[in-house]
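Counting in this note's numbering, the sequence shown runs from 1 upward without gaps. Glycine is no exception: its CB is placed at the ideal position from the N, C-alpha and C atoms. Quantities reported herein were computed from a predicted structural model and do not represent experimental measurements.
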Amino acid sequence: MLYVTNQPKCFLHYRCKCSVLRLKRSKEMQGSPPCSYEDLTTVSVINLCKTLFHPDFWFVCPVSSQAEGFKEQGNVFYSKKDYSEAFNYYTKAIDACPKNASYYGNRAATLMMLCRFREALEDSQQAVRLDDCFMKGHLREGKCHLSLGNAMAASRCFQKVLELDPRSGDAQQENKNATALLEFEQMADFSFKKRDFRKVVYCMDRALALASACHRFKILKAECLALLGRYPEAQSVASDILRMDSTNADALYVRGLCLYYEDCIDKAVQFFFQALRMAPDHEKARLACRNAKALKAKKEEGNHAFKNNNYEAAYQLYTEALAIDPNNIKTNAKLYCNRATAGAKLKKLNQAIEDCTSAIKLDDTYIKAYLRRAQCYMDTEQYEEAVRDYEKVYQTEKTSEHKHLLKTAQLELKKSKRKDYYKVLGVGKNATEDEIKKAYRKRALMHHPDRHSAATPEVQKEEEKKFKEVGEAFTVLSDPKKKVRYDNGHDLDDDGCFDGGDFDANNIFRAFFGGHGGGFTFDSSQGIFFFSFHCRHPLVY
């Protein structure tokens, strides 16, 4: 037998208040003049009494002493924060009395503490179905919606609580949180369309502080982290979701996206396939899978052409591959470097340097790109830039090979700051002895001071300087020992090869042309110059 005393202590008062509120809203909706709570209390009490003595009431809302005992035990465990045991006892109470709203409300609260928000939402909704005036039920339902990222549904629940109790501080604060969540969500959607992925991550961090159980927000954050190149963070978020739900297509897609952007294309395609099995119409997974396959095929075609020494075809194929997916930072860095290698083979050194720079901008830890750019700098005699790149490489990987490359670049830089005697004579660094002599003969006659005796003082001074440099260059490059020391980067001034006034370019000139103190005469006629030397074998040029 059931007794009224088995009801909660405030049960009758609570039912009376709900009856009053329902009657008040009904009258207002019918257009009746506003009435006070007190005016309706008497009528509501009468209606409540009719309800209490109606046999259907006890059939719908039976409360047994056993069910109440289970509930009280659940309350004890809940207060001790032993939520698993509390859940068990509230479940027993529901099994004993499945029509009591408060039992579902209590179990919902326990499930929320266990972060099982979807189950808590179901219990909260069942509670308010049994009793539409159960304010805690509506409040918990709203909190579950909020935690799961459904801001609009949460707001409706909080509005319902405020209708029952306009002074509810909890409902007011939670409603503000729902409004803020909706704003963060809208801001994130707008920023994603603008490809401002950092802003999306910021919005999702704020949103997840309010909706900690929302997988949708976590997936969006993870996707943007992957697009920003923050792969470990993105993988961590996706893996957490997959541990809870191994069939989550969005998480499988993000996991594949991270692998794809880390240039693990085969593994990435497997995850995209899994995502499409779980959700055949997953458009992002389908597009990413198509891009991954196309990128891999085009890159392999370029590599094959390069190995076959078809550098023009390789260059073009790498260019086509770069256009497939601008978001794939790591693979595109490799493609830029590959194209730079092909470009260097085609003597497109400046373009190769630009490609290496693009690769480094995408991945500033890409050693191969630094090495390729440094070599291109060496080939274009930009030794300071080459030294900087080799220093970067050696600081990262202190190998004997990198040390040798750095020392070579430093030596070439030192040599480049001296007079380049090869350039002075206009010959290559591999010039033969005869080529050096011919070059000296030509340059010495070109810059001899007597040839420019009619020029301005400024021109005469400049030509005299060049004449002296030509003599210095010939003195060094025509002497095998000096040439070797010069080529090895030794400073010949420190070795005493040129001691100021002891060096006389005219003596070199006379010795080369076989003159013995007589000098030479210089005549010009009708713009044609004739050189006549007083020596044993006069020469006419």
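Residues of the same chain with a CB within less than 6 Å of the CB of CYS258, apart from the 5 flanking positions on each side, are ALA226, TYR231, ALA234, GLN235 in chain order. Sorting VAL459, LEU276, THR110 by C-alpha distance to the C-alpha of GLU85 places THR110 at the top. In its chain, beyond the 5 residues on either side, ALA409, GLN410, LEU413 have a beta carbon closer than 6 Å to the beta carbon of VAL387. Pairing THR380 with TYR315, the inter-Cα distance amounts to about 20 Å. Here the C-alpha atom of ALA120 lies approximately 49 Å from the C-alpha atom of LEU322. Only residues of its own chain outside the window of five on either side were considered, and among them MET135, HIS138, LEU139, SER168, ALA171 have a CB closer than 6 Å to the CB of VAL161, listed in chain order.
Closest in C-alpha terms to CYS144, from the list ALA178, ASP434, THR91, LYS81, comes ALA178. With respect to GLU385, TYR377 sits close: the two C-beta atoms are nearer than 7 Å. Scanning its chain for C-beta atoms nearer than 7 Å, with the 5 sequence neighbours on each side dropped, one finds around LYS368 the residues CYS337, in chain order.
Around the C-beta of THR247, fewer than 16 other C-beta atoms lie within 10 Å, and the residue is accordingly described as exposed. DSSP, read as helix, strand or coil, puts THR179 in helix. In this structure SER124 touches GLU141 by the C-beta definition: roughly 4 Å separates them, less than 8 Å. For LYS419, the closest alpha carbon among the candidates LYS298, LEU477, ALA431, PRO98 is that of LEU477. The C-beta distance from ALA340 to CYS356 rounds to 5 Å, short enough to fall under 8 Å. Scanning its chain for C-beta atoms nearer than 6 Å, with the 5 sequence neighbours on each side dropped, one finds around LEU405 the residues TYR390, in chain order.
Residue environment analysis places PHE117 among the buried positions, since at least 16 neighbouring C-beta atoms fall within 10 angstroms of its C-beta. In this structure, DSSP gives ASP364 a state outside helix and strand, which the three-state scheme calls coil.
Taking 4 residues as the minimum length, the alpha helix (DSSP H) runs contained wholly in the region 96–153 are 101–113, 117–130, 135–147, in order along the chain. ASN303: member of the alpha helix (DSSP H) spanning 283–307, first to last residue. Comparing C-alpha distances from LEU181 to each of ARG206, GLY471, TYR104 shows the shortest one belongs to ARG206. Here LEU362 is buried, its C-beta having at least 16 other C-beta atoms within 10 Å. The beta carbons of ALA249 and LEU242 sit no closer together than 7 Å. The distance from the Cβ of MET204 to that of LYS221 is about 4 Å, consistent with a contact at the 8 Å cut-off. With a cutoff of 7 Å on beta-carbon distance, ILE265 and ALA238 are scored as not near each other.
When DSSP states are grouped into helix, strand and coil, LEU228 belongs to the coil group. Remark: C-beta atoms of ALA305 and ALA297 do not approach each other more closely than 7 Å.
Around the C-beta of ARG198, fewer than 16 other C-beta atoms lie within 10 Å, and the residue is accordingly described as exposed. Sixteen is the threshold: since fewer than 16 other Cβ atoms of the shown chains lie within 10 Å of the Cβ of MET152, the residue is exposed. Classified as exposed, CYS115 has fewer than 16 neighbouring CB atoms from the shown chains inside 10 Å of its CB. Here PRO449 carries a helix assignment [DSSP, helix/strand/coil].
In the displayed model, ILE324 falls within coil according to three-state DSSP, outside both helix and strand.
Taking the CA atoms as reference points, ARG441 sits about 9 Å from PHE509.
In the three-state reduction of the DSSP assignment, GLU185 falls in the helix class, which pools H, G and I.
Between the C-alpha atoms of VAL470 and LYS437 there is a straight-line separation of about 11 Å.
Contact annotation, ALA285 with TYR260: C-beta distance approximately 11 Å; criterion of less than 8 Å not satisfied. For CYS264, there is no enclosing alpha helix (DSSP H), as DSSP marks it with neither H nor E.
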